[in-house]
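If you're matching positions, the sequence shown starts at 169 in our numbering and goes up one per residue.
Note that CB positions come from ideal geometry on N, CA and C, so glycine has one too.
Because the structure is a prediction, the values reported are computed rather than measured.
Report on the structure given below.
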Amino acid sequence: MITNDAEWGGWRVPGAEYDLYPERIEHQARVIVSAPRLAAIARSLVDALREAPGVTVVSTGAPGAQTSVFLRG
């Protein structure tokens with residue numbers, strides 16, 4: 169859950185979800201922290217595919233929406 173910066177630095181994860189499996193906290197935190205970097209990698213991958221011969225990339229909607237890749241041949 170994203171909150172404002174005044175509350176817990178902008179992020180809050182309900183603890184009840186992790187009562188049974190506390191090792192999940194670290195994994196979830198790493199995913200949250202890595203989200204902007206992963207989004208940038210996905211954008212650059214789509215840009216690279218658009219330049220490749222024989223590859224058609226179709227994006228629907230705004231950034232972050234579904235993107236389809238079609239290969240010729």
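task = Within the same chain, show all residues whose beta-carbon is closer than 7 Å to that of R240, passing over the 5 residues directly before and after it, in chain order.
result = Against the sequence shown, residue 240 aligns to sequence position 72. Cβ neighbours of R240 beyond the five flanking positions: G222.
query = Between the C-alpha atoms of T224 and A203, what's the straight-line distance to the nearest angstrom?
reply = The residue given as residue 224 occupies position 56 in the sequence shown. The residue given as residue 203 occupies position 35 in the sequence shown. Each residue's alpha carbon lies about 26 Å from the other.
key: Contact under 8 Å by Cβ, S236 with V226   = Locating residue 236 in the sequence shown gives position 68, counting from the first residue. Locating residue 226 in the sequence shown gives position 58, counting from the first residue. Cβ distance < 8 Å, so S236 and V226 count as in contact.
ask   = In terms of residue numbering, what span does the alpha helix (DSSP H) encompassing E219 cover?
value = Taking the sequence shown and counting its residues from 1, the one referred to as residue 219 is at position 51. R192 to E219 is the span of the alpha helix (DSSP H), which, as asked, contains E219.
ask   = Which of helix, strand or coil does DSSP assign to T140?
value = The first residue shown for the chain is 169 and the last is 241, placing residue 140 beyond what the model contains.
message = What would DSSP say about T228, mapped onto helix, strand or coil?
response = Here residue 228 is taken as the residue at index 60 of the sequence shown, counted from 1. In the three-state reduction of the DSSP assignment, T228 falls in the coil class, being assigned neither a helical nor a strand state.
task = Please report how far the alpha carbon of Q196 lies from the alpha carbon of F238, in whole angstroms.
result = One-based indexing of the sequence shown puts residue 196 at position 28. One-based indexing of the sequence shown puts residue 238 at position 70. If you take the alpha carbons of Q196 and F238, they lie about 32 Å apart.
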